[in-house]
Structure formats: structure tokens, C-alpha cells
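Worksheet: the structure to be examined is printed underneath.
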Amino acid sequence: MKNQRGDIKLTVLMILAIGMLFAIIYMLRTNTSRVGNAVGISSPTTTPIDNDAKINTSVTTLNEYSDSEFNDGLGRADKTEKYELDEIGAGLAEIVEFNRDINSDGMIDRITRRRIENGTPHFYYQYTIEIRRNASFIDITPPDMQTVEGADCALRKFRFMFQPKFSIQKIDRPMGDTWNTPTPAIQTIYKLNGEKLVESSPRDMGTVCDVGELF
Numbered sequence: 388m389k390n391q392r393g394d395i396k397l398t399v400l401m402i403l404a405i406g407m408l409f410a411i412i413y414m415l416r417t418n419t420s421r422v423g424n425a426v427g428i429s430s431p432t433t434t435p436i437d438n439d440a441k442i443n444t445s446v447t448t449l450n451e452y453s454d455s456e457f458n459d460g461l462g463r464a465d466k467t468e469k470y471e472l473d474e475i476g477a478g479l480a481e482i483v484e485f486n487r488d489i490n491s492d493g494m495i496d497r498i499t500r501r502r503i504e505n506g507t508p509h510f511y512y513q514y515t516i517e518i519r520r521n522a523s524f525i526d527i528t529p530p531d532m533q534t535v536e537g538a539d540c541a542l543r544k545f546r547f548m549f550q551p552k553f554s555i556q557k558i559d560r561p562m563g564d565t566w567n568t569p570t571p572a573i574q575t576i577y578k579l580n581g582e583k584l585v586e587s588s589p590r591d592m593g594t595v596c597d598v599g600e601l602f
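Position in the sequence shown (first residue = 1) + 387 = the working numbering.
Structure below.
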């Protein structure tokens with residue numbers, strides 16, 4: 388009788404242990420990051436250099452965009468990755484890569500644009516600028532290379548220029564009493580100097596709500 392009870396207890400313990408093991412495996416497989424998961428693609432943190440890729444020389448013109456769509460000048464994308472947002476609509480929504488020859492050395496450089504949502508109309512784009520040196524990319528991104536977007540007005544935007552030489556135009560303004568309160572805007576130009584992007588002296592651009600109107 389005692390042996391039967393011992394066998395029953397041992398069997399119950401083994402069943403519980405197996406159940407806990409399956410529960411742990413399920414949790415590990417279904418655990419997702421709050422930033423978002425790529426849909427049907429590999430992790431964006433591992434982006435090997437494609438030696439067969441070609442330099443994309445396409446540049447968009449203003450008439451390719453509707454009145455409500457801002458043109459950042461990057462042109463046609465070479466790679467796009469879509470991501471799932473969390474339950475409130477926040478996180479990394481998209482990564483877009485552009486193959487461009489930034490420093491005119493005949494090698495593919497890379498500009499990456501990430502769209503980050505926070506569950507409100509105030510999303511933002513984050514840019515990374517990299518030049519290629521041998522088999523790797525060198526990050527030369529200036530500070531604050533992300534937009535400040537709102538439902539009605541943007542406080543910071545960028546436009547990339549490739550002719551006659553590569554440059555980035557930034558226009559931003561400070562927050563007013565409210566998001567939509569117009570404030571004085573400033574323009575800054577970044578130009579390539581060797582392997583660095585050097586900014587020009589700021590220039591006053593007038594008082595606006597949406598800085599996108601000043602490009």
C-alpha cells in the first residue's frame with residue numbers, strides 16, 4: 388500500500404515537472420519585444436554588406452509628393468522592413484534603407500530611416516548616415532537626427548540633397564505655449580568634410596507652426 392502511494396506521488400510530481408517545462412518553453416517562444424517584431428524578415432540588427440548591391444541614384448522631385456506628404460529627398464528605397472506595433476500602437480513601425488554614394492568615392496554608402504510610433508499622432512523619423520570603408524560602414528550621423536512630428540505641425544524636419552554635393556538641410560523650432568503655437572524656426576545645413584558632417588551657422592527662417600512649409 389505504501390509503495391503504491393509512493394508511486395502515485397512520484398507520478399504526480401513527474402507530470403507537474405513536465406507541465407512546467409512545457410509552460411517555460413511556450414513563454415520563451417511567445418515572448419516579444421515592446422519595440423515590435425519584423426514580419427517575415429530577419430532581425431534588423433544584423434545587416435551584412437551586400438557586395439552585389441548597386442548605388443541608387445534616384446532622387447525624388449517635389450511634384451512626386453502630394454501636398455500633405457513631405458519630401459525628405461531620399462528617393463526610392465532599396466530595402467524596407469515592416470514591423471508590428473504593440474497593443475497601443477507604439478514601437479518601431481518601419482526601417483527603410485537607401486543605397487547612396489554620399490562621398491563620391493564610387494562605393495555604396497547607406498542612409499537608414501526608422502519610423503517610431505508612440506500611440507499618438509506625434510510619431511518621429513530617425514535617420515542614420517553611414518559611409519562605407521572597406522568591408523564595414525562608419526556611422527557619421529550628427530546629433531538630433533530625428534524629426535519632431537505632430538498631427539498639424541512639425542517642429543523638426545530634414546531634407547537630403549545629393550546635387551551638386553551631398554548635404555542635409557535641417558529646419559527646427561522650439562515648442563511654444565502649445566504644440567501648434569508658432570515659434571521662430573532655424574535652418575542648419577550639414578556638409579561632408581572628409582568623414583564628418585559639419586554644420587553651418589544657423590539661419591533665421593521666420594515664425595511658423597509647421598517647419599515643413601519652409602523647405
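Yeah, the Cβ is synthetic: ideal placement off N, Cα and C, and Gly gets one too.
Pick from Q513, T499, K578, E471 that is closest to M548, judged by C-alpha positions: K578
Under the three-state DSSP convention, the category L479 falls into: strand
Pick from G537, P529, R520 that is closest to P508, judged by C-alpha positions: G537
Every unbroken beta strand (DSSP E) inside the region 467-540 [3 residues or more]: 477-487, 496-505, 511-520, 523-526
G563 versus R546 - alpha carbon distance: 23 Å
Given R590 as reference, the closest of S523, N580, Q574 once Cα atoms are compared: Q574
Beta bridge counterpart(s) of T568 as assigned by DSSP: Answer by DSSP bridge pairing: none, since T568 is not bridged.
Expected contact under 8 Å - CB spacing of N521 and D539 to nearest Å: About 46 Å separates the two Cβ atoms, so there is no contact after all.
C-beta contact flag for I503 and L584 at 8 Å: no
Contacts around N569, its chain only, beta-carbon distance under 7 Å, and the 5 residues preceding and following it disregarded: Note on residue identity: the sequence assigns Pro, not Asn, to residue 569. Excluding residues within five positions, the ones whose Cβ falls inside 7 Å are G563, T594, V595, C596.
Cβ of S554 within 8 Å of any chain D Cβ: Within the model displayed, chain D is absent; a lone protein chain is all it includes.
Buried/exposed call for I475, threshold 16 Cβ in 10 Å: exposed
DSSP bridge partner residues for E559 (one or two, in chain order): Note that residue 559 is Asp in the sequence shown, not Glu. Bridge partners of D559: R543, I573.
Cut-off 6 Å between Cβ atoms - residues of its own chain near E586, not counting five sequence neighbours on either side: T575, Y577
Contact under 8 Å by Cβ, L542 with D531: no
K557 versus G493 - alpha carbon distance: 26 Å
Own chain, CB closer than 8 Å to F524, minus 5 neighbours either side, in chain order: I436, D496, R497, E517, I518
C-beta contact flag for V483 and R500 at 8 Å: yes
Contact under 8 Å by Cβ, K544 with G599: yes
Where T565 falls, given that 16 or more other Cβ within 10 Å makes a residue buried: exposed
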